[in-house]
Structure formats: C-alpha cells, structure tokens
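Position one of the sequence shown corresponds to residue 1 (the UniProt record's numbering), numbered consecutively onward.
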Amino acid sequence: MAIVNISSIRAASIDMAPNYLKFENIDNYPSTVSLTYIFFISSIGIITNVSTVFLLSKNNFTKNLKIKCALIALALSDLLFNIALSVRGMSDLIEGESERVCMFITFFSHLAELLSAYYTVLFTIQRYCAVRYPFEVAINRRSASIIPLSIIFLLSSLFCFFFYYEENPSEKCRPVPALHWFIANASLSFVIPFSLISIFNILIVYYIRKYSLSPIGAETISLKRKNLLKTRTKTSSMDDTGYNQEETRIPSLGSSFDGVTCGASPDCDRLCPFISLREAPTRNTYYSSDSYSKQIPNKSSTSSKENESVDRLTSRMAQSIRVTRMLVFVSTCFLILNAPAHLCAIAMKIYIEVNSFIPAGSTVINLNQIDNNVVLIPNTSNETYHENLFEAIKRSTFVDDKSTYQQLYKAVSITQMIQYASYSINFFLYSFSGITFRTNLKQVIQKL
Numbered sequence: 001m002a003i004v005n006i007s008s009i010r011a012a013s014i015d016m017a018p019n020y021l022k023f024e025n026i027d028n029y030p031s032t033v034s035l036t037y038i039f040f041i042s043s044i045g046i047i048t049n050v051s052t053v054f055l056l057s058k059n060n061f062t063k064n065l066k067i068k069c070a071l072i073a074l075a076l077s078d079l080l081f082n083i084a085l086s087v088r089g090m091s092d093l094i095e096g097e098s099e100r101v102c103m104f105i106t107f108f109s110h111l112a113e114l115l116s117a118y119y120t121v122l123f124t125i126q127r128y129c130a131v132r133y134p135f136e137v138a139i140n141r142r143s144a145s146i147i148p149l150s151i152i153f154l155l156s157s158l159f160c161f162f163f164y165y166e167e168n169p170s171e172k173c174r175p176v177p178a179l180h181w182f183i184a185n186a187s188l189s190f191v192i193p194f195s196l197i198s199i200f201n202i203l204i205v206y207y208i209r210k211y212s213l214s215p216i217g218a219e220t221i222s223l224k225r226k227n228l229l230k231t232r233t234k235t236s237s238m239d240d241t242g243y244n245q246e247e248t249r250i251p252s253l254g255s256s257f258d259g260v261t262c263g264a265s266p267d268c269d270r271l272c273p274f275i276s277l278r279e280a281p282t283r284n285t286y287y288s289s290d291s292y293s294k295q296i297p298n299k300s301s302t303s304s305k306e307n308e309s310v311d312r313l314t315s316r317m318a319q320s321i322r323v324t325r326m327l328v329f330v331s332t333c334f335l336i337l338n339a340p341a342h343l344c345a346i347a348m349k350i351y352i353e354v355n356s357f358i359p360a361g362s363t364v365i366n367l368n369q370i371d372n373n374v375v376l377i378p379n380t381s382n383e384t385y386h387e388n389l390f391e392a393i394k395r396s397t398f399v400d401d402k403s404t405y406q407q408l409y410k411a412v413s414i415t416q417m418i419q420y421a422s423y424s425i426n427f428f429l430y431s432f433s434g435i436t437f438r439t440n441l442k443q444v445i446q447k448l
C-alpha cells in the first residue's frame with residue numbers, strides 16, 4: 001500500500017454524487033495539518049537517514065558485513081521514501097498535476113515501502129540465524145549480502161511496475177487499484193513481511209532467553225563478571241611503582257612441606273629435593289618487576305592466552321546479543337508504526353466493497369430493505385440501471401449518514417501520519433539502543 005491509500009480507496013468505489021460530495025468534505029479537513037506534518041517528517045527523515053548511512057559506513061561499527069549492508073540498504077530505502085514524500089508535499093502545495101511528477105511519487109514511494117519492509121525481514125532473519133547457528137554465522141560474518149538485497153530490489157521494482165502499468169489509473173496523483181491488485185498489494189506489503197518479522201522476532205527472543213539460561217550462557221556471564229572483578233581488584237592493589245606486591249611475593253618452599261619426611265614411596269622421592277630447600281634461607285621474598293618477569297613460567301603465559309581467548313569469545317558473543325536485541329527493537333517498532341495504517345486501509349476497502357455490492361443485471365431495488373446508514377453504489381455499466389438507481393434514490397427518503405465513512409477516513413489519515421514516522425525514526429532507535437552507533441555519533445559531533 002502506497003502512501004496515498006486514502007484517496008485511492010475512496011476513488012475506486014465512490015462515483016455517486018452524495019458519496020462524492022461526502023468525501024470531498026471529509027478530504028478537506030486534514031489538508032493544512034497534513035502538509036505541515038509531511039514537510040516536517042520528510043525533512044527529519046532525509047537528514048537522519050543520510051546521517052545513518054554515513055555512520056553505518058564507518059569500519060568500526062560492526063565487522064558483520066551482512067548486517068551492515070542490510071541496514072545501509074534499509075536507510076537508503078527510507079531516504080527514498082522521504083524524498084518521494086517531500087515531492088508529494090510540494091506537488092500538493094502548488095497544486096500541480098505533472099504526469100512525470102505523479103509517476104515519480106506513486107512509483108518510488110511504493111517501491112521504497114516494499115524495500116523497507118523486506119529489508120527489515122532480511123536483517124531479522126539474519127539475526128535469527130546468528131542466534132540459532134552462531135558458529136556457522138561467525139565463519140561467514142565477513143561476507144556481504146549483496147545477492148539477497150539485489151533480488152529484493154529487482155522483485156519489488158517489477159511488482160511496482162506492473163502494479164502501476166496494469167489497469168491502475170491515477171486520480172490526483174493517487175493510484176486507484178482494482179480489487180485483485182489491492183489484495184496482491186496488501187499481501188506483499190503487509191501480510192507476508194509482517195508475519196515473517198513477528199515469527200522470527202518471537203524465535204529470536206526465545207533463543208536468547210534459552211541461551212542466557214543455559215550452562216554455557218551462565219558460564220560466559222560468570223567468566224565475564226569474574227574477569228571484570230579481577231581487573232578492578234588488580235587495579236586497586238597496584239602501588240605507586242606500577243606492580244602488584246601481592247602477586248610478586250614468593251613464599252618459602254619449605255613452609256609448604258612441614259611435617260613431610262622422605263620414605264620409600266616414589267612420591268616422597270620426588271618431594272625430597274624440594275623439602276631439602278627448607279634448610280636454605282629465604283630472605284629475599286620480594287623481587288622487582290623486571291627480575292620477576294624473567295622468572296614467569298610457561299604455564300602462566302599459556303593461562304593468560306587462554307583467558308584472553310575466553311574474554312575475546314565472551315565479548316564477541318555479548319556484542320552479538322546486543323546487536324540482535326537492538327535490531328529486534330527496531331523491527332518491532334516498524335511493526336507497531338506501520339500495522340495500524342495497513343489495517344485501517346484494508347478495513348475501509350472492505351467496508352466500501354461490501355456496501356457497494358449490487359448483483360449485476362439487477363434493475364429492481366427494494367428501498368424498504370435499504371438501511372439509512374448504508375450507501376449502495378452500482379458496479380455496472382448499464383445506463384438504464386444506472387438511471388433507475390439514481391431516480392429511486394431521489395424518490396426515497398434516504399438519509400445520508402456519513403459518520404462511518406468519516407470515522408474510517410479519519411482513522412486512515414491519522415495512522416498514515418504515524419506510518420510516515422517509521423521511515424524517519426531508525427536513526428533515533430540506533431542512537432538509543434546501539435552502544436557503538438551512539439559512540440560513533442558522539443565522536444562525529446565532537447569533531448564538528
């Protein structure tokens with residue numbers, strides 16, 4: 001569904017004078033507020049999406065090229081949507097109806113909407129794979145996702161081309177899709193992507209929780225806390241010379257074997273050379289940092305390497321989970337901001353189609369069975385039938401109650417304004433929930 005669902009739904013079925021005047025009156029009420037909001041939100045969207053592309057392009061944002069490419073593609077599609085939205089606002093402001101401008105607005109706004117939806121699906125699936133199969137994803141983390149991004153762009157472009165080429169006339173630069181095209185558009189732009197995002201988000205949350213409760217996850221968190229505590233303790237115990245006295249003290253070897261005497265056992269034979277050291281004096285129990293560093297055994301160096309490896313793995317897994325949580329938050333906000341507009345547009349289309357249905361070939365209307373709150377619209381080209389219907393309505397005591405249409409139209413107008421914000425809000429979501437993104441943003445601001 002493009003950014004102009006309201007008028008397209010209205011124009012598709014409303015062709016009788018009472019209904020046309022009714023919707024003309026409704027259509028005028030949000031025009032001033034809508035134009036102001038369109039210019040405001042599109043300006044913010046253009047600035048924030050350009051900034052997002054710049055910050056995501058920095059090498060230190062993430063080493064996962066798949067996620068980086070998907071987020072950059074999402075920012076570019078949102079940028080395209082905001083450009084089309086600003087052009088639409090200028091076109092409405094000057095009341096121009098250029099065919100080329102109209103083609104640009106209708107095609108690129110719809111294309112950007114499809115791209116944003118399916119690029120969100122793409123990085124949601126990527127994060128699910130990272131949580132479900134972490135080792136396999138870690139091997140291919142430096143490979144870019146150019147092929148799926150290109151396929152999504154190509155298929156979306158083909159659908160938009162046929163959508164606006166096949167029997168979809170435009171009224172005031174707004175598409176008027178036939179019913180079968182409306183169903184196809186609703187399925188591709190709402191039902192399929194929103195279902196996939198919801199399902200994979202639920203699975204991601206499930207596996208993150210499962211990992212945090214597993215022994216491996218608990219051990220990883222415990223190791224991280226121990227290493228952090230060890231670092232703080234070591235820092236606090238350093239003296240002014242820069243070395244830790246507690247760790248450089250060498251105890252008397254003889255004190256460790258008090259009461260041990262040599263016997264015939266092999267273990268005792270191995271201990272005798274060390275026990276004999278108890279007779280030697282151990283006066284120099286402290287060494288300088290230089291002399292002690294030369295006596296560090298190989299075992300300690302191996303242990304330090306293992307600790308560094310564990311710390312590196314722990315840090316990488318923690319960073320992956322943070323990125324996943326951030327992107328789940330972003331995709332959930334996308335659902336919340338876009339779903340109401342699609343649902344209201346579908347509800348309005350269904351309401352109009354149901355109340356405008358009259359069996360073809362029917363020339364007799366029982367006015368006693370017509371509800372005063374329902375407007376019947378002919379779906380036939382029979383001129384005699386058309387004239388008979390108008391005459392019947394003129395002779396009837398028909399009460400034109402526009403409350404239902406008006407409420408639906410207002411609901412679609414408000415929810416579309418909310419939907420526009422979803423193409424400008426990702427920058428703020430990244431800044432709020434992304435540590436690395438926020439750090440890069442602060443560095444850029446400090447350099448200005």
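Virtual Cβ for every residue (Gly too), placed ideally from N, Cα, C.
Owing to the predicted nature of the structure, the values given are computational and were not obtained by experimental measurement.
Query: So which of SER157, SER431, SER91 and TYR119 has the shortest CA-CA distance to HIS110?; Result: SER157
Query: Is the CB-CB distance between LEU85 and ILE146 below 9 Å?; Result: no
Query: Whole angstroms are fine: how far does the CA of LYS58 sit from the CA of ASN82?; Result: 23 Å
Query: Answer yes or no: do ILE72 and TYR118 have a C-beta to C-beta separation smaller than 9 Å?; Result: no
Query: Output the boundary residues of the alpha helix (DSSP H) element that contains GLU113.; Result: 99-132
Query: My guess is that ASN440 and LEU55 are in contact by the Cβ rule of under 8 Å, so how many angstroms apart are they, rounded?; Result: 5 Å
Query: Report all residues from its chain with a CB closer than 7 Å to the CB of ILE44; omit the five preceding and five following residues, and keep chain order.; Result: SER424
Query: Pick helix, strand or coil for PRO193, following the three-state DSSP scheme.; Result: helix
Query: On the CB-based measure, 16 or more other CB atoms within 10 Å of its CB, does ARG88 come out buried or exposed?; Result: buried
Query: Using only CA atoms, which one of MET348, PHE428, LYS68 and HIS342 lies nearest to TYR405?; Result: MET348
Query: Could you tell me whether the stretch 124-136 touches the stretch 98-110, where touching means 3 or more Cβ pairs closer than 8 Å?; Result: no
Query: From THR106 to LEU115, what does the alpha carbon distance come to, in whole angstroms?; Result: 14 Å
Query: Using DSSP with H/G/I as helix, E/B as strand and the rest coil, what is ASN82?; Result: helix
Query: Is the separation between the beta-carbon of ILE418 and that of LEU337 shorter than 9 Å?; Result: yes
Query: Let me know the secondary structure DSSP gives ILE208 once reduced to three states.; Result: helix
Query: With LYS447 as the anchor, note down where its alpha helix (DSSP H) starts and where it stops.; Result: 435-447
Query: Can you tell me the Cβ-Cβ gap for ASN49 and PHE427, rounded? I've got them flagged as a contact below 8 Å.; Result: 7 Å
Query: With C-beta atoms as the reference, is ILE204 less than 9 Å away from VAL330?; Result: no
Query: Going by DSSP, what residue range makes up the alpha helix (DSSP H) through ASN185?; Result: 179-186
Query: Kindly list the residues whose CB is nearer than 8 Å to the CB of ALA421, restricted to its own chain and excluding five residues on each side of it in sequence; keep chain order.; Result: ILE41 and LEU337
Query: Nearest-angstrom Cα distance between PHE123 and SER431?; Result: 18 Å
Query: Leaving out five residues before and five after THR332 in sequence, what residues of the same chain have Cβ atoms less than 7 Å from its Cβ?; Result: ASN201
Query: Measure how close the beta-carbons of ILE208 and THR324 come, nearest whole angstrom, since I'm counting them as under 8 Å.; Result: 7 Å
Query: Check whether the Cβ atoms of ILE125 and LEU196 sit closer than 9 Å, and answer yes or no.; Result: yes
Query: DSSP three-state label for GLU136, please.; Result: helix
Query: Just to check my reading of the structure: LEU335 and PHE194 have Cβ atoms closer than 8 Å, yes? What is that Cβ distance to the nearest angstrom?; Result: 6 Å
Query: Would you identify the three-state DSSP class for TYR423, choosing helix, strand or coil?; Result: coil
Query: Can you tell which of SER150, ILE183, ARG322 and TYR351 has the C-alpha that lies nearest to the C-alpha of SER433?; Result: ARG322
Query: Assign ALA178 to buried or exposed, taking buried as 16 or more other Cβ atoms, counted over all protein chains shown, within 10 Å of its Cβ.; Result: exposed
Query: Can you give me the start and stop residues for the alpha helix (DSSP H) that SER145 sits inside?; Result: From DSSP, SER145 is part of no alpha helix (DSSP H); its letter is neither H nor E.
Query: I'd like to check one pair, LEU429 with MET326: are the Cβ atoms closer than 9 Å?; Result: yes
Query: Going by DSSP in three states, GLU166 sits in which element: helix, strand or coil?; Result: coil
Query: Measure the Cβ-Cβ separation of ALA70 and LEU149 and say whether it is below 9 Å.; Result: yes
Query: Measuring CA to CA, which of TYR206, PHE159, VAL191 and LEU213 is closest to PHE108?; Result: PHE159
Query: Can you list, in chain order, the residues of its chain whose CB lies under 6 Å from that of ILE46, leaving out five sequence neighbours each side?; Result: ASN82
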